[in-house]
Structures are given as C-alpha cells and as structure tokens.
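Chemist: I'd like to ask some things about the structure below.
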Amino acid sequence: MIMLNLDLFAWWAVTISGGIVFLILVSIYLYTNSRVVRGESNKSTAGTRLGKDFIFVWVLIGLLVFYIISVNIGSSMVFAAGNLIVEVMLIAYLIRNRREKSAETVRPRSQ
Amino acid sequence: MSSTEVFKRLQTSEQGLSEQEVKVRLKTHGYNELPTQTLTWLQVLARQFKNPIFVILIACAVVAGLYSEPKQSVIILSMIALSIILGFYNEYKAEKIVIDLRRNVSIKAVVTRDGKPSEIDSRLLVPGDLVSVYVGDIVPADLRVVECKYLQANEAVLTGESFPIEKTSEGLNLQNPTPHQLMNYQFMGTVVVNGSGKGVVVSTGKNTEFGAISKTLARTHPETEFQKGVRQYGNMLLTLTAALAVGIFGLNAIIGRSLIDALLFALAVAIGLVPELMPAIVTISLSQGARRMAKLRVVVKRLVSIEDFGNMDVLCTDKTGTLTEGRIVLNDCASIHGKEDPLVLTYSLLCNAAVVGEKISGNPMDVAIWQHAIEKGAKEDARNYTKVDEIPFDYQRRMMSVVVRNNGEHTLITKGAPESVLSNCTYVEMESRKEPIDTTLHLSINDKFLNLSHLGYRVIAVAYKDVDTKTAYSAEDESDLTLLGFLTFTDPPKKDVTSALANLNEMGVNTKVLTGDNELVARKICDDLNVPVKRVIGGSELTQMSSTEIKAAVEETTIFARITPEQKLDIIKALKANGHVVGFMGDGVNDAPALYEADVGISVDTAVDVSKDAADIVLLDKDLLVLANGITEGRKIFGNTTKYILMGTSSNFGNMFSAAAASIFLPFLPMLPMQILFMNLLYDVANITLPTDNVDEEYTKWPKRWDISFVRKYTLFFGPFSSLYDFLTFGIMLFIFGTFAAANLSPTSPEFLKFASLFQSGWFVESFWTEVLVMFVIRTRRIPFLTSRPGKWLTVLTLSCIAFGTVLPFTILGDFLGFTALPAEYWILLVLMVATYLLLVDAGKVFFYKICKF
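Protein sequence lines, in the order shown, are assigned to chains A and B. The first sequence begins at 1 in this note's numbering and counts up by one. The second sequence begins at 112 in this note's numbering and counts up by one.
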C-alpha cells in the first residue's frame, strides 16, 4: 500500500512529531523543576543525570523515525521489525534502571 | 409542677420503675432511638441523579434521539442506567455497613430501677425511668430534672446557644415555653458540662425535642484533607473538560461538521474524561476498608475519615486511658508524713462521686478508691457517716466536696488536685495535731506533691473542716481547710503502647501528648514509653503565645501539659495550618472539640458519650496496636483510589485529546460518541475491582498527601504517551490499512462508512487495550507482575474486559455500535504496539518517579 494522500499524511506526521516534542518539553520542565525544588546546584552532575535520564526520550525519537518511515511506505513488516528493536532497547534500559533503583537507600525519617 | 407531682404524673417514684413495668412501657413506647437518620434506598437512588454528568448524558440522549440516530440515544440511556445501578448498589451497601458498624458503639445511661442504680444501654430507657447524669454525659432522653447540683448543660445542638444553661429541679410557671426556657428539663442529645443531677424520663426516641428536629440537624465536620483533595481534583477536571469540549465543538463547527454531530462528539469526549465511577470506587474502597477494620474491632463512624487515617502524620493523644491503662489503681492513702492513714481512705470514700450499683462506675479515681476500700474491707468505716450535701467537681476548682454528719457533727470533706486543695488549706494535720501552714510548710508540702508526681503518681489531696449546720453548702465553704493527707494513684502505661508508638514512628506518624495533667506526670509516662521528649509546653506558656508562635512551637513540642480543651483545639488547628494531617485520640469530655476538629478523631468504646459521638473512629478494644493496622488499611485504600485517579486522568486524557485532535484532520469522526461512551463504561467496569487490588508494602510505609500538582504533572507526562500511540494507530489505520481513501469519497457512500468503521474499530480496540492494560504498569512502582502481583479479581476482570473489547467488533453488538471486523495483520501490529507502549510507560515511570516524589 502506497501513501496517496500527502495532505493527510503531513497532518499525521506533524501531529505525532508534535506529540513527541511536547513530551520532551514536559520532561525537561519536570526535570528542571525537580532540580530547582531540591536545590541541586552542581551543574556537571545535573548535566550528566539529565542526559542519562533522557534515554527514554531518545528512544521516543528513534521510534518516531521508525513510525514515519514504516507508515510512509505502508509496510507492516518494517513497522513490526522497528517495534521489536525498540522493545529490546527498552527492556535493556529498564533492567539497568531497576538495578540502580534497588541499590537506593530507604528514605530517611523526617523529624 | 413539683418533683413529687412529676413522679405521680409519670407513675414512677424515687425508687424508679420496676423491671416488669419497664417491659410494659418498652412495648408501648418502643426503643429510645431516633428514626434512622441514614439514607433510604430511594434517597440513595435519587442521589445518583444529582450527578451533573448524567444530566449531560440525558441531554445527549435526547439530542441524539431527536436529531441524530435513535440507536445512539438507546445506547446512551442504557449506559446511564448501568452506571446508576452500579453507583446505587455500591453506595447503598456502604450505607448499610456504616449503620451496622455504628450499632457497635452504644451510649450508656445510669438508671435507677427497683431502687438500684445500674448502667444500661440508653436504647432501653422508657418514660418514667429515673436517670442520673454527670459531667460529660450526653443526655439520653428528655428528662424532667428532679434533683440537681450545679447542673449545667450545653444545649447548642438544640438551641444554638453556645453558653451552658443552668438547670433547676424547681417547678416553673411558663406559658408556651421554648426548650431554651425550660430550665427544669434536660433534652436528649444535649451535653452535661457541669455538675450532676437526676431526672425522670418524660419522652423517648422520636417523641423527644431532639427527635422532632433531628431531621433538620446536620452537624458538618470540617472538610478532611481527602475531601479537599477530591474537590481540587474535581475543579481541575472541570476546567480541562470545559476547555476541551468548547474547543472541540468550536473547531468541528468551523471545519463544517453538522452542529449536532459536533455537539454530541464534544460532549462524548468531555464525558470520556470524567471518571464517572470515581464516587463508586471510593465508596467501595472505603466500605471494604471499614469492614476489614471492623474485624480488628475498629469502628469507622465516618467513612471518609479512613483515607485521612492512613495519611495522618501527627497523632495527638490524650494521656489517660489512651497511653495508660485507664484503670487507675489506688496506690497509697497516707498522712502528710507518708504514713498510712485509714481516715484518709474513709474521707475519700465519703467524698466520692462514683455510682455504686451492681458495678461501680464514674470517675476512675473514685472507682479506684471504692475498689481499694472493698479489697481492704474498709468500706464499713464510712457507714457511720450520713451524707448531707455535695458540691460537685468542676474544672475551674478542680476539686469536689461533701458535707457529712457523724454523731451530730457536720464535717466538710474536700478532695481534689493537690495545688487547688492546698491553696484552700490553712492547717495541716500532723500526727493528730493541727499545724498552721506557713510559707515554708506550704513549699515543703508542695515539694512532696511534686516529688510524687515526678515519680509518675497521680496525687489527690484530702482536707476537711467542721462546719455549721446549713440547708445548703457551696464552693465558698471550701476555705480554711485542714489538710488531712493524700492519695496516690498509678495509672500504669499499657503493655503494648511502647511497641505501638514505635510502630507508628516507623510508619511516619509523630506522637504528641496533649494532657490536662501536669508536665511531670506526662514526662514520666513518655520516658516509660520510650517517647523522646523534645520540648514541653505548659498551658500557661501557650496562652502567652501568638498564633504564629504556636505554629512554630507545635512542630518541636512533644508534650503539652496542663492544657485546656480550647488549647487542644488551638494546637490541632496550628498543626493543620502547618500542613499536617492530624489525628486526635481522646476519651474525655474535654477532648470532644479536639476530636471534632482533627482530621481523624479517634476514641475508645469506654469513652464518655460526647467523645464517642464526636469521634470518626472508635476502638472497641483499648489496644493501640490496632492503630497501626488501621493506618495501613487507610493507606491501602488511599493507594487504590489514587491509582484510579492517576490512570483515569492520564490515559483518558490522552485518548480524549487524540480524539479531539484527530477530529480536526480526519474526514470522519475518529470514534462515534456512543463508541466513546461504551469504551468509557467498559473501562469503568474493568476498574470496579480496583479496591481489592494489592498495594505494595513500601507504599504503606509512609504517610502520603493528596497533591493535586502531582496529579497534574502525572497527566501532563503520561497523557502524551497514550496520545502518541493513538496517533500511531491513526497512521496505521489510515496509511497501512488504507482508510485514508475515505477522504476522496462522499460521506454518505457505503465505502466511506466502511472505511470510517474500520478506522473506528481499530482505534477503539487499541485505545481500550492501552487504557486498561496500562493499569498493571501504573498500579506499582515495581516491575509489573514479576515483583508486584495485582489483585486476582482485578486481573480476572480486567483480562475479561480486554477479551470482551477484543471480540466486540466481530459480534452483533459490535455491529450495532458501528464496529467492523479487523484484519489479522492488525492484531499482530496491535500486540507489538501495546508491548512497546507498556514498556515505554514503565520506562517513563522510572524516569518520572526519579524526578517527582510522591
């Protein structure tokens, strides 16, 4: 199946890209907001963590590329293959994060 | 009418009624209880229609029936019916549970029958019964006072008058009196705030003044933290829904859709955003929690308080009866030298307000004196004396007196707080000699009392003086007394309190002791219970403080000693203003205002009536260990309610936002209004077992606060995930399954309708799968299924709903709703898509909880 209606496709591509951009902006807002609230001023640490914590956003951007290409060429095979790759990446990311999380100490009691 | 006439009119006497007569009158007049003030099934049903969403839905059904498709109207109406049945069933069941639980908390009355006083359930009172009332009692029926001593009642509940009304036993000559003017009557539901008295029951149950106006009575508790949170959440939803609905309607109208279709679609999207079943979910959670807590012998009188019970981070507690056994034991009765003196015991037995019947009841210290005297066989010593008059205890004087006659001599005996008694004494009895009390001796005696208090004893001083014969004695006679000796009492700390408080501390609940007792006694108890004392503030110091200073002081203070009921209230208000969820536990009459003001008022079944009435939660056993269980239960309920809200706002919002955006550029509606409503209903059905879900252990370890900004951030973050996958589905349906071809067709052509239906079916299934399955990811911060198992009923129902939603497009019902069968290829893509979506949300969850704490 080949894409015939450029107008509709353009609408769709803009919407899905807009959604991802919105999500990235929200993440940046929440992230910077949490840094300000906690009063962390060490910029280098914050910068490293920012990049590290944004892996899943890069996954999203990767997904966007897959989606637009696969949908553009109307191929369910490319779509399925792309999804599987992304799923593997996500599982790897989750395992890494869960390990880090399990090493976290118990929240201290505030008096 | 004199007292004798009252007895005659009501065919009773000073000996009270006989048991046989009581049985006859009980048959005639019925139980002394008010017609149930809880809602009838009809009222609960009517309440379902007050929901504005249903009004909108009914309007939708009418509009759809008149101007669009009648079948759409039928579907909307069936959904309304289903939602109403679900809501009605659950709310009615919850009402019944509360009624059953409340029955466990009984109000007692001291009644004289066959000449013997005894304590009975106030439901069993009949007209003609002779009832005794004391400070702290809720008057159990309408009484004509026949005997009283400084009797004052707060009748605010009837008259709105907040000052106490003095009572008399004299006859009054009034024409058409109002309850306020009837000073020789005591009315059901009013509270005895001073003195004591006896009265003959004139009317019971619905025939009382209280019964007559009870329908119009609505004591409103201050809004709890949870209620505030729900209100804020409602406002947030209202703003979102209104903005989205107006926007969608406007945009659809601009792009040339029919106004009716645009209106129905906008309303359906708006309704899709509203969690209609939230009241039902909350009610089910609360009523199930209440039932589980009842098994632990904790009665929840006000369901809504359970969530605040879980979120409570400060527990203010009275000392006596809550931290301690509450069963005060007389330790010693001695002269001022500390030698045992039998006269001290005899005098304290005479100057005693305990009611001695089949069992001894009344003030715990008076009861302890009686029990001690019975054990020692000393009660016979008191038989030589005849009681002439009594000046009852009150909180201003902090002592009571009696005048007794022995061998023609009249003696006034005073017993009370040592500092109060000592300040009224001019002499002290030293080995049968009377010594005048000078400043040095006064200080030395005071030191002795302080030392005893320091050791954790409660000290009561006993003094006396010979008085002339008079018809009546008053508080003014309590002067120039001779200090005879003192009584020491111990109220040992409860065995389990140390571990219970340690448990609460572990759970993030700070304990503060608010007591009318002195600092030393309170400090000793805290030491015994291993409660670290940071700071102690006395009532007099608190009086000097401004409200700002109180707010700062309450944070670092552990013990508030010698405080008044008003100060308890100030402390609770200050803690609440500082953002704490405050629990208050008490059992005395002076605790009632604080119990009412606290987010969670906790009392015990042995508490005075007014305290039990003001409390939200009543512990049937004085076992503080159940508090920790109750808190865990409250946190679980809060956890499950929060899950529903977070899922509802995030995935619903994402779906509805996608629907709104897609409606602008698609040649057809992305989902028909009836399809949106049906999906909403199916989603709610899947959620109905959410209250039974397991809650992770770490979630219940710490108090949580309702944080609307957290809900907002959650929606803002997770909403777009859902939208992204909706847009992806749109792309797949349009460009892989070719439904975009509809753009070049006439909207009335069968091909157009076929493409539209395929698109709508594809999106319905995808959004339903993602919306429902994401519940398993969002419900825990752990790895779904592997390290956190969902509740079995939730799993079964959710997967059943998923199965139903999946086969729906292939069924007649699906056809009726405008769906069409989906190709096999679609299902492969759907499984892959949903898998990525769930993994992505889980990854997002890890990221989100790193930056947003809750």
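Ideal Cβ positions, reconstructed from N, Cα and C, are used throughout, including at glycine.
Count the other C-beta atoms from every protein chain shown that fall within 10 angstroms of the C-beta of R330 of chain B, then say buried if there are 16 or more, exposed otherwise.
Modeler: A caution first: R330 of chain B carries a pLDDT of 49, below 50, which makes its placement in the model unreliable, though a value can still be read off. It is exposed - the Cβ of R330 of chain B has fewer than 16 other Cβ atoms within 10 Å.
Chemist: Kindly indicate which three-state DSSP category P971 of chain B falls into: helix, strand or coil?
Modeler: Missing from the structure shown is residue 971 of chain B; chain B here goes from 112 to 965 and no further.
Chemist: Taking only the alpha-carbon atoms, compute the straight-line gap between V64 of chain A and I16 of chain A and give it to the nearest angstrom.
Modeler: Per the sequence shown, the amino acid found at residue 64 of chain A is Leu instead of Val. Straight-line Cα distance between these residues: approximately 8 angstroms.
Chemist: Could you tell me how far apart the beta carbons of L533 of chain B and L594 of chain B are, in whole angstroms, since I believe they sit closer than 8 angstroms?
Modeler: About 7 angstroms separates the two Cβ atoms, so the contact holds.
Chemist: Taking just the CA atoms, how far does V918 of chain B sit from Q871 of chain B?
Modeler: One C-alpha to the other measures close to 15 angstroms.
Chemist: Rounded to whole angstroms, what is the Cα-Cα separation between V415 of chain B and V246 of chain B?
Modeler: One C-alpha to the other measures close to 30 angstroms.
Chemist: Where are the beta strand (DSSP E) runs, 3 residues long or more, that stay fully inside the region 667–696 of chain B, in chain order?
Modeler: If we require 3 residues or more, the beta strand (DSSP E) runs fully inside the region 667–696 of chain B come out as 670–672, 693–696.
Chemist: With G849 of chain B as the anchor, note down where its alpha helix (DSSP H) starts and where it stops.
Modeler: Segment: none, G849 of chain B is in no alpha helix (DSSP H) and carries neither H nor E.
Chemist: Considering only the beta carbon of each residue, do R746 of chain B and G473 of chain B sit closer than 7 angstroms?
Modeler: Not a contact, by the Cβ cut-off of 7 angstroms.
Chemist: State the Cα-Cα distance for the pair N535 of chain B and A663 of chain B, rounded to the nearest angstrom.
Modeler: Each residue's Cα considered, the two are about 38 angstroms apart.
Chemist: Buried or exposed: where does E104 of chain A fall if 16 or more other Cβ atoms within 10 Å of its Cβ makes it buried?
Modeler: Because the pLDDT of E104 of chain A is 44, which lies under 50, any placement of that residue in the model is unreliable, and the question is left without a value.
Chemist: Would DSSP call R544 of chain B helix, strand or coil?
Modeler: Reduced to three states, the DSSP call for R544 of chain B is strand.
Chemist: Please tell me whether E666 of chain B has its Cβ less than 7 angstroms away from any Cβ of chain A.
Modeler: No, its Cβ sits nowhere closer than 7 angstroms to a Cβ of chain A.
Chemist: Could you tell me which whole beta strand (DSSP E) segments of length 3 or greater appear in the region 395–477 of chain B?
Modeler: Runs found: 409–411, 425–428, 440–446.
Chemist: Residue ranges of each beta strand (DSSP E) run of no fewer than 3 residues wholly in the region 489–574 of chain B, ordered along the chain?
Modeler: List check, beta strand (DSSP E) in window: 497–502, 510–517, 520–527, 536–541, 544–547.
Chemist: Which whole runs of the alpha helix (DSSP H) in the region 196–270 of chain B are 4 residues long or more, in chain order?
Modeler: Taking only runs of at least 4 residues, the alpha helix (DSSP H) segments lying wholly in the region 196–270 of chain B are 267–270.
Chemist: Note down, one range per segment and in chain order, each alpha helix (DSSP H) of at least 4 residues found wholly within the region 821–891 of chain B.
Modeler: Runs found: 861–889.
Chemist: Would the region 764–781 of chain B and the region 373–393 of chain B be scored as touching if the rule is three or more Cβ pairs under 8 angstroms?
Modeler: These segments touch.
Chemist: So for L283 of chain B, helix, strand or coil by DSSP?
Modeler: L283 of chain B: coil per DSSP, three-state reduction.
Chemist: When the Cα of K309 of chain B is compared with those of B:L864, B:I186, B:E258, which residue comes out closest?
Modeler: Per the Cα distances, B:E258.
Chemist: By Cβ distance, which residues of its chain are closer than 6 angstroms to G400 of chain B, with the 5 residues on each side in sequence left out?
Modeler: For G400 of chain B, where only same-chain residues beyond five positions count, the Cβ hits under 6 angstroms are I417, E744, I748.
Chemist: Quick check on the burial criterion: 16 or more other C-beta atoms within 10 angstroms. Buried or exposed for T428 of chain B?
Modeler: Buried.
Chemist: Among the candidates B:M190, B:N305, B:L434, whose CA atom is the shortest distance from the CA of V715 of chain B?
Modeler: Nearest of B:M190, B:N305, B:L434 to V715 of chain B, Cα basis: B:L434.
Chemist: Going by DSSP in three states, G902 of chain B sits in which element: helix, strand or coil?
Modeler: Note: G902 of chain B maps to coil in three-state DSSP.
Chemist: Whose Cβ in chain B lies nearer than 7 angstroms to the Cβ of G19 of chain A?
Modeler: Chain B residues near G19 of chain A: P831, S834, L835, F838.
Chemist: Is it buried or exposed, T139 of chain B, if we count other Cβ atoms within 10 angstroms and call 16 or more buried?
Modeler: With fewer than 16 Cβ atoms within 10 Å of its Cβ, T139 of chain B is classed as exposed.
Chemist: Taking the Cβ atom as the reference point for each residue, do L441 of chain B and F600 of chain B lie within a distance shorter than 7 angstroms?
Modeler: It is a contact, given that the beta carbons lie within the stated cut-off.
Chemist: What are the boundary residues of the beta strand (DSSP E) that G649 of chain B is part of?
Modeler: 647–649 is the extent of the beta strand (DSSP E) around G649 of chain B.
Chemist: I want to know whether the region 638–647 of chain B touches the region 569–579 of chain B - three or more CB-CB distances under 8 angstroms.
Modeler: Contact between the region 638–647 of chain B and the region 569–579 of chain B is absent, because fewer than three Cβ pairs lie under 8 angstroms.
Chemist: Please list, in chain order, all residues of the same chain as V796 of chain B whose beta carbon is under 7 angstroms from its beta carbon, the five residues on each side excluded.
Modeler: The residues are C912.
Chemist: Whose Cβ in chain A lies nearer than 8 angstroms to the Cβ of C427 of chain B?
Modeler: Here the premise fails: no neighbours, minimum Cβ distance about 16 angstroms.
Chemist: Is the beta carbon of T906 of chain B less than 7 angstroms from the beta carbon of N83 of chain A?
Modeler: No, the Cβ-Cβ distance between T906 of chain B and N83 of chain A is not below 7 angstroms.
Chemist: Using only alpha-carbon positions, find the residue among B:I382, B:T394, B:V455 that is nearest to I571 of chain B.
Modeler: The residue with the shortest Cα to Cα distance from I571 of chain B is B:V455.
Chemist: Counting only Cβ pairs nearer than 7 angstroms, list the residues of chain B close to V71 of chain A.
Modeler: Neighbours of V71 of chain A on chain B, chain order: G842, I843, F846, I847.
Chemist: So, for Q183 of chain B: in the same chain, excluding its five sequence neighbours on each side, which residues have a beta-carbon less than 6 angstroms away from its beta-carbon?
Modeler: Result list for Q183 of chain B: A175, M785, in chain order.
Chemist: Using three-state DSSP, classify G83 of chain B as helix, strand or coil.
Modeler: Residue 83 of chain B is absent from the model: chain B starts at 112 and stops at 965.
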